[in-house]
Amino acid sequence: MPMDFTALRGLAAGNPWGAIWPELSLGCLALFLLVLETGLPKSMHGRIPLVSIAGQLGILAALLLNFDTHYRASFNGLLMLSPPGQLMRVFFLISSILVSLLALRSLAWQRVPRVEFHHVVLVVAAAMMLLVESRNFVMLFVALETVTVGLYILVSYYGSNPKTLEAGLKYLVMGALSSALLLFGIVLLYGVAGSPGLAGRTAEAMQYGGLAGFLEANPGNFMASAGIVLVLSGVAFKIGAFPFQIWIPDVYQGAPTPVTAFLAVASKGAGFVVLLVLVTEVFAPYAWLVGPVLSIMAAATILFGNLAALKQNNVKRLIGLSGVSHAGFILLAVVSVASAPVLATGAVYFYLYAYMISSFAVFGVMTILAGPDDTEQELGDYAGLARESPFLAGVLACALGSLAGIPPFAGFMAKLFVFVAVFRAGHYGLLAVAAAGVALSIYYYFGWIRAAYFSDEAAISPKTAERARAGAGLTLGIALVALTLGSIVLGIYQGALGTWMSGH
Amino acid sequence: MSALSLDPLLISVTAPLAVALAIALGLPKRWVVKLAYAGFGVPALMALDLWWQFGAAAKEAHGYAFMTAYSTGLDRLGIGLKFGLNGISLPLFVLAGVVGFAAGLYAIQSKAERMKTYLLLLLVMQAGLMGTFASVNVFYFYFFHELALIPTFIMVGVWGGRDRSYAAMMMTIYLTVGAMLSLVGLVAIYVKSGASSFDITVLRDALASSPLGEFTQTHIFGLLLFGFGILVSLWPFHSWAPLGYGAAPSSAAMLHAGVLKKFGLYGLLQIALPLLPFGASQWSHSLAVMAGVGNVLVIGLVTMAQRDLKQMVGYSSVMHMGYAFLGIAAGSVLGAGGVVMLMVAHGLSVSLLFLLSTSVYHRTHTFDMDRMGGLAQRAPVLAGLFVAATFASIGLPGFANFWGELPIFVALWNFSHWLTVVALTGTVVSAVYGLRAAARVFFGPQSEAFARVTAIDPATDIAWSERLPALVLVAALLFVGIWPKSFSAGIDHALGEAPAAAVAGR
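Line by line, the protein sequences give chains A and B. The first sequence runs 1 to 504 under my numbering. The second sequence runs 505 to 1010 under my numbering.
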């Protein structure tokens, strides 16, 4: 029997594999690392992570040189290639490069396999890129699970530490729960969108466009509302928004510091872009529901994150909870998208970049100062840092200043954009919460700077002093300088990024 | 025009920053001091040069001269680096240059530990000060002010005196709360005006043709009043100031109390009054009562009760800010002009007092005035300078402060008789504590404690490293005191346009 090749050919023509070359090259690079491990003699294994970093830098350079500014649906609507998608590709690549760099330092303390760590980081980065480009719920779920499964491995990578194992278990259980919520929501939406009795019913409900059409025709359907709330809850787990932030402090503390950074920055960033796409492209007809839900979530997230961070002594928990409050700020921008679309969308991306730059600088300093026991890093360990290493203390102060939202750092511009967007959208109450949140956050961010700077010689802990004097090393040092300068430059001169986000 | 190479305003901001960056990147020690002189000297020279040229310079919209603009990529949001000076910002720009130079000289000559970091932070602060008063764009006005927040925190906490850790934290939280309130207020003006620009000239034009509604004006002015008010230590939000200044190292205290604190008053005068005249009229009575009764009377009495010299100077600066608020509340051109003069005069005199108190401390090893006495015999020049600073601070004619207070009192009389009486009582109070402090420190018999200190470490007269910055400040105080017109002409011109409309609207 002759097969109907024309239909297949038609489908295949819609699969422009070249369009996802960054994801493919990351995947190939990841496999190549494994090949190298089996092929190379043991003495050369130390170089394999450097191959990974060099490869990623090459992909990053190629991405920046071929920055595609068109909107193109590809893979028959599964993926959407767009300028924001490109921005996020760059975002995930920079994150994975920095995670690999931090891992060089952190893995040296542990007796664990090296190459597999770098391999998984690459796979997760590629999956995150697909995640933010997906415009189909099945695609979304598959990409999300790839990310999450990779992170399950990474979170419990230092398996000899009981705190790390605990973190791994918590992340597994919570991750499974959030996936279940998300999936349940998707199924509800799919089911109700296909029910024959309703206007605008569609068989294409897995496709964002198809579902959006159905929702438009039925604004106020109870089943659909329930589905939307469940999907939002599933995403809220990923971004750590109240009341789904409970896993954050324990997991952040237990995970290896580079993985904590990956979770805090890249995984959160992916969650926000997914949320933004869902809110603007699919759930827009349900703004009456999504708006209030996200508003309450945002306010509670900011307040909870800041209040809980006030009394933290473990810096990994502290940065985790402060990250919760940052999630609240980005949620504010997402909430404002309905009324001030251009600026609010730009604010989300700018905030993510600013947050990435400053967070990685902080995580870099943390990685350098952390010893073999990665889970116990107290504020007290920072005593005397400024005396022992003015460089690390300076990097830390600049990064914390940026996270606190103080000029001239990028964090300030990010907060300002959010403020303007929220004000334009007319959410005065949320603005008041945000302003209070900033004031609260000063206490713990500056408390950290205080720990690093204000101490007498007597208070310096010998362990920290030794590691601080050993310094950052060349590669990590260059990365930290680049991050600090990047934060200042992005805070003063936004250039093309600013032009794009203020009116694309 | 090739603005980049010629713009003195940009240079005065970037020069200190460039030196700070060089220090951060590991400049060798012997170069640090030389370049630091340049970092503090260049802005001062630029400021004096611009002041000299201002009268003859071509004026653009709203009396601004020397305008230059640089795009940072956010033109569509109306955010861009735009520099310029008008009659109100020029005196403060000069003040920032002069006080910054004096504080820089003093810091370079001081024997602070970890000198490189100290100078680096001070230079960043200096750049922020110059930028604040040179900015025509309200966004950058705020931006440059906040540049000083982290340096101040670290300087107070590391090089500060008693209670430094607590003082640094408290000061920073207060300042952030104030800054957040004013930021929300500024964003509110930006959005509500519909101008989509933070450029003050654009905002003024937009709001002159279509003013905001009364309800909106009242609320936004309230935000700005309390936001800026906290930054200027408006009673009852003043408690950070004496504590922070008491603990801060002198150069930081000089820059902060002398110049940076004027940010809030400047914001009210340059932004809030002209843009929100109705809001200002609604709040003027509450402001006048808070400032008159709270800052002037209550804090005046508190100042009298201080035994600690540096705390006393800190409280006195809170008290003098009360006069400035009263001038703003009075709402006339005369009052507002007096406020600008007072800002300059107070900036000079309070930084002089902070500098001299530290000089006293180096000789007595205490700030407790009961444990001093008779220092004039050992340090006659120091005594002379201190008495001069005290006279200036009280507002005796011949010093700049007189030309600030006199117009404020006259304007206040037209606004409220009883508050004028309160304010005048305040000058008596300030004379009492000022002169009593001079007497307790320098004259009369030595206290036993001080005699014991001098037995071990005989006090000498003021050294050149302290004398030079002090003389710069005294000279500036006398110059403005004798020739106030050097600034008041420009102030008059600038105020002639905007706040007059505010008065007419009432």
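Quick reminder that beta carbons are idealized off the backbone N, C-alpha and C, glycines included.
Three-state secondary structure (DSSP) of residue i
i         : result
Phe947(B) : coil
Met876(B) : coil
Met128(A) : helix
Thr862(B) : helix
Thr202(A) : coil
Asp703(B) : strand
Asn76(A)  : coil
Lys586(B) : strand
Gln529(A) : Because chain A in this structure spans residues 1 to 504, residue 529(A) falls outside the shown range and cannot be described.
Gln207(A) : strand
Ser134(A) : strand
Leu81(A)  : strand
Asn313(A) : coil
Glu378(A) : strand
Lys463(A) : helix
Asn15(A)  : coil
Arg469(A) : helix
Leu900(B) : coil
Neighbourhood of residue i by C-beta, 6 Å cutoff - its chain only, sequence neighbours within 5 removed
i         : result
Tyr208(A) : Arg135, Glu281 and Val282
Ala672(B) : Phe657, Val660 and Gly661
Ile898(B) : Ser934, Ala935 and Gly938
Gly401(A) : Phe409
Gly635(B) : Val517 and Phe648
Glu166(A) : Gly254
Gly831(B) : Gly839, Gly842, Val843 and Ile912
Neighbourhood of residue i by C-beta distance below 7 Å, restricted to the same chain and skipping five residues each side
i         : result
Thr367(A) : Leu102, Arg105, Ser106, Thr257 and Pro258
Ala298(A) : Gly328, Leu331, Leu332, Val335 and Leu430
First and last residue of the uninterrupted alpha helix (DSSP H) at residue i
i         : result
Gly401(A) : Pro390 to Ala404
Leu165(A) : Pro162 to Ala193
Gly384(A) : Where Gly384(A) is concerned, there is no enclosing alpha helix (DSSP H), given that its DSSP letter is neither H nor E.
Met356(A) : Pro341 to Leu369
Ser920(B) : Ser920(B) -> no alpha helix (DSSP H), and no H or E assigned at all.
Ala434(A) : Tyr428 to Tyr453
Thr870(B) : Note, Thr870(B): premise wrong, no alpha helix (DSSP H); not H, not E.
Phe423(A) : Ala410 to Ala425
Contact test: residue i Cβ vs the ligand MN heavy atom, cutoff 7 Å
i        : result
Pro83(A) : As far as ligands go, the structure on display features none, and thus does not contain the ligand MN.
Own chain residues within Cβ distance below 8 Å of residue i, not counting five before or after
i          : result
Pro512(B)  : Met550, Asp553, Leu554 and Phe570
Ala1006(B) : At Ala1006(B) the pLDDT is 44, less than 50, meaning the model places this residue with poor confidence and gives no usable figure here.
Thr680(B)  : Leu653
Ala393(A)  : Leu385, Ala386, Ala452 and Tyr453
Per-residue burial, residue i [other beta carbons within 10 Å of its own, 16 or more giving buried]
i         : result
Glu505(A) : One cannot answer for residue 505(A) here, as it falls past the ends of chain A, which runs 1 to 504.
Thr475(A) : exposed
Ile296(A) : exposed
Pro450(B) : What the structure shows of chain B is the stretch from 505 to 1010, and residue 450(B) is not part of that stretch, so it cannot be assessed.
Leu522(A) : This structure cannot settle anything about residue 522(A), because the visible part of chain A is limited to 1 through 504.
Pro162(A) : exposed
His119(A) : buried
Ala13(A)  : exposed
Asn918(B) : exposed
Ala472(A) : buried
Gly191(A) : exposed
Asp374(A) : buried
Leu609(B) : buried
Ala507(B) : With a pLDDT of only 44 at Ala507(B), under the threshold of 50, the placement of this residue in the model should not be trusted; the figure read from the coordinates follows. Looking at its Cβ environment, which holds fewer than 16 other Cβ atoms inside 10 Å, Ala507(B) is exposed.
Arg666(B) : exposed
His406(A) : One detail in the question is off: residue 406(A) reads as Ile in this sequence, not His. Per the 10 Å Cβ criterion, buried.
Lys615(B) : exposed
Ala199(A) : exposed
Thr69(A)  : exposed
First through last residue of the beta strand (DSSP E) which encompasses residue i
i         : result
Tyr574(B) : Ala569 to Tyr574
If you scan the region 799-846 of chain B from start to end, which runs of the beta strand (DSSP E) of 3 or more residues do you find wholly inside it?
none
Could you tell me which whole alpha helix (DSSP H) segments of length 4 or greater appear in the region 632-685 of chain B?
642-650 and 653-663
Unbroken beta strand (DSSP E) runs of length 3 or more, entirely within the region 508-577 of chain B: which are they?
569-574
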